[in-house]
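Residue numbers are given in the numbering used here: position 262 of the sequence shown equals residue 305, and the series is strictly consecutive. Where a beta carbon is used, it is the ideal one built from N, C-alpha and C, also for glycine. Presented below is the structure to which this report refers.
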Amino acid sequence: MTETDSTKRPLLMPEKFLPHLEKFRVYQMMKDMVRNIVIHLPKDHLKQMKIFATRHIHTSEASRIVLLIEPGLDIDVYGLAKHLIKDFGCFVITRRCVMDRYEKHDDYEPGCVNISLMSEVTKALTQRDPVPQAGWLMFDHPCTLREARYLQQDGVLPTVTLVLMATPPTAPPAPCNHTPPRNFFEQDFEGLKYAYKATLKEVHLTPEDSLDAIQTKCFNAIRAFNAGHQGPKQGMCAIGAPSVYRVLLLGPRGSGRSSQAVALAKHFGLVFLHFDALHREYAAKDNEIGERIRKYGTSISLRGDMIKDRLLKKDCIDHGWVMIGYPTNGHDFEILDASPTPPNRILFLNLDLETCRLRTQNEGFDTCTGKKAQMGSGPNVIRHPDHDEVRREYEWDLFFTEQLAELRASAGLTAVEIDGSEPFDKVQVKVQAAVIAAPHFDIECCSQLRNVCGE
Numbered sequence: 044m045t046e047t048d049s050t051k052r053p054l055l056m057p058e059k060f061l062p063h064l065e066k067f068r069v070y071q072m073m074k075d076m077v078r079n080i081v082i083h084l085p086k087d088h089l090k091q092m093k094i095f096a097t098r099h100i101h102t103s104e105a106s107r108i109v110l111l112i113e114p115g116l117d118i119d120v121y122g123l124a125k126h127l128i129k130d131f132g133c134f135v136i137t138r139r140c141v142m143d144r145y146e147k148h149d150d151y152e153p154g155c156v157n158i159s160l161m162s163e164v165t166k167a168l169t170q171r172d173p174v175p176q177a178g179w180l181m182f183d184h185p186c187t188l189r190e191a192r193y194l195q196q197d198g199v200l201p202t203v204t205l206v207l208m209a210t211p212p213t214a215p216p217a218p219c220n221h222t223p224p225r226n227f228f229e230q231d232f233e234g235l236k237y238a239y240k241a242t243l244k245e246v247h248l249t250p251e252d253s254l255d256a257i258q259t260k261c262f263n264a265i266r267a268f269n270a271g272h273q274g275p276k277q278g279m280c281a282i283g284a285p286s287v288y289r290v291l292l293l294g295p296r297g298s299g300r301s302s303q304a305v306a307l308a309k310h311f312g313l314v315f316l317h318f319d320a321l322h323r324e325y326a327a328k329d330n331e332i333g334e335r336i337r338k339y340g341t342s343i344s345l346r347g348d349m350i351k352d353r354l355l356k357k358d359c360i361d362h363g364w365v366m367i368g369y370p371t372n373g374h375d376f377e378i379l380d381a382s383p384t385p386p387n388r389i390l391f392l393n394l395d396l397e398t399c400r401l402r403t404q405n406e407g408f409d410t411c412t413g414k415k416a417q418m419g420s421g422p423n424v425i426r427h428p429d430h431d432e433v434r435r436e437y438e439w440d441l442f443f444t445e446q447l448a449e450l451r452a453s454a455g456l457t458a459v460e461i462d463g464s465e466p467f468d469k470v471q472v473k474v475q476a477a478v479i480a481a482p483h484f485d486i487e488c489c490s491q492l493r494n495v496c497g498e
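Have a look at this one:
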């Protein structure tokens with residue numbers, strides 16, 4: 044029997060399988076499964092993978108809720124917990140449950156509070172069947188910032204942290220900022236809010252709210268947070284959207300394509316790619332593509348090879364990308380469309396020539412910071428040598444007379460047209476909506492899909 048060295052086997056994923064894996068979100072599921080195992084460090088890895096796969100079938104993660112209640116807020120916490128159990132089918136973990144198990148542990152020392160041991164006991168409670176499948180609701184525990192940090196290090200992480208608090212008053216707060224004394228079972232409210240700020244969701248209550256009204260507010264807050272409606276990098280949870288966004292943002296100079304692409308990349312956690320910067324980077328590299336650029340200059344095929352090489356990097360495959368400045372013609376588009384990871388969203392920012400001229404006539408950059416600035420706004424602001432008036436007019440003439448028609452013909456019916464003359468925030472909202480929206484047209488039949496709004 045021959046022996047093989049597994050370290051010398053090729054571990055690269057075949058390029059042709061990437062679109063197939065992404066279509067069914069298999070690649071994303073495997074990454075999430077590995078992350079789940081690394082976080083929880085289970086004793087039985089196969090059992091943990093089975094639990095994860097079971098939850099993945101239902102396309103939803105078990106609700107893991109931490110309940111924080113503002114000091115002085117008089118509500119029936121146990122009644123609220125019973126309502127949430129009926130809504131989500133989760134198990135309740137309180138500080139009394141943790142302390143009962145903690146005092147029965149072999150390493151328990153009377154008169155000594157071991158936070159590390161308490162965290163270990165809490166983790167054991169959350170991993171005991173069937174708690175991982177059903178989820179859990181935790182209140183009265185943890186009580187301090189240190190306890191929360193120990194739980195986070197042990198992998199006891201909530202999907203949402205509900206903060207029940209009174210509606211903030213319009214008057215300024217009291218001048219005394221001292222924290223009142225607490226006993227062992229009272230929570231450090233502000234410290235826990237800081238510890239769980241990544242999953243924090245505030246629920247404002249009024250004295251007139253009944254228990255049913257509070258339960259409804261909590262239910263809506265949990266559902267909204269789990270659906271991905273909260274803050275940056277949460278849009279990937281949209282139903283029907285691909286697991287990885289690959290966006291082409293096309294438009295003339297002055298349309299705001301660069302600023303919109305940067306904002307889009309920040310919101311969805313994408314890799315921002317500017318073709319000009321990418322070309323300079325590859326021209327300086329000591330590899331085959333860099334040598335060809337320095338020796339023969341830039342050609343259509345060389346530009347395509349450069350883009351293909353960059354899009355197959357791990358960051359672009361894992362997180363997706365948004366690119367501007369490429370393609371510039373139909374041949375570029377065909378090369379990009381035939382690549383292993385073609386774009387799945389194509390957006391056009393439409394703007395007339397006069398508006399482009401008005402937006403760029405005073406555009407410059409600060410030689411100290413390298414950022415864009417208006418001409419005359421500072422002593423170090425000058426016109427970029429590549430952005431002179433003659434070059435801009437040449438680019439606009441080429442774009443509006445040749446490139447735009449070719450790009451629209453190559454993109455076909457799947458492209459989305461966006462008016463770039465509107466305010467920045469409004470355009471950004473439309474760009475994000477176009478990215479997470481389902482396609483409007485069936486490519487095979489060249490007809491609009493049913494039950495999909497084209498507006």
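* Exposure label - Val478; buried when at least 16 CB within 10 Å -> buried
* **Asn330 burial status per 10 Å Cβ neighbour count (16 or more: buried)** => exposed
* Asked: If you draw a straight line from the alpha carbon of Ser342 to that of Val69, how long is it in whole angstroms?
  -> 36 angstroms
* Asked: Mind checking Ala256: buried by the 16 CB within 10 Å criterion, or exposed?
  -> exposed
* Asked: For Gln417, which residues of its own chain have a beta-carbon under 8 angstroms away from its beta-carbon, when the five flanking residues on both sides are left out?
  -> Asn405, Glu406, Gly407 and Val424
* Excluding sequence positions up to five away, which residues of its chain have a Cβ less than 7 angstroms from the Cβ of Val433? -> none
* Residue environment, Thr249, which counts as buried when at least 16 other CB atoms sit within 10 Å -> exposed
* Asked: If you follow the alpha helix (DSSP H) that Arg192 is part of, which residue opens it and which one closes it?
  -> Leu188 to Gln196
* Asked: Around the C-beta of Glu377, are 16 or more other C-beta atoms found within 10 angstroms, so that it is buried, or is it exposed?
  -> exposed
* Asked: So, helix, strand or coil for Asp375, using DSSP?
  -> helix
* Starting from Thr204, follow its DSSP beta bridges and name the residues at the other end. => Val109 and Leu243
* In this structure, does DSSP put Asp75 in helix, strand or coil? -> helix
* For Ala458, does the three-state DSSP call read helix, strand or coil? -> coil
* Report the residue ranges of all alpha helix (DSSP H) runs contained in full by the region 323-383; include only those spanning at least 4 residues, in chain order. => 331-339, 343-354, 357-362 and 373-380
* Asked: Thr371 and Gln446 look like a contact to me (Cβ under 8 angstroms); what is the Cβ gap, rounded to whole Å?
  -> 6 angstroms
* Asked: By how many angstroms is the C-alpha of Cys359 removed from the C-alpha of Arg300?
  -> 19 angstroms
* Rank Lys244, Ala191, Thr242 and Glu245 by C-alpha distance to the C-alpha of Leu235 and give the top, closest one. => Ala191
* Count the other C-beta atoms from every protein chain shown that fall within 10 angstroms of the C-beta of Cys411, then say buried if there are 16 or more, exposed otherwise. => exposed
* Helix, strand or coil at Glu397 according to DSSP, with G and I counted as helix -> helix
* Asked: How about Val120 and Phe182: do their beta carbons lie closer than 9 angstroms?
  -> yes
* **Cβ-based neighbour list, Tyr325, same chain, cut-off 7 angstroms, excluding 5 preceding and 5 following** => Ile332, Gly333, Ile336 and Met349
* Asked: Is the beta carbon of Gly368 less than 9 angstroms from the beta carbon of Phe315?
  -> no
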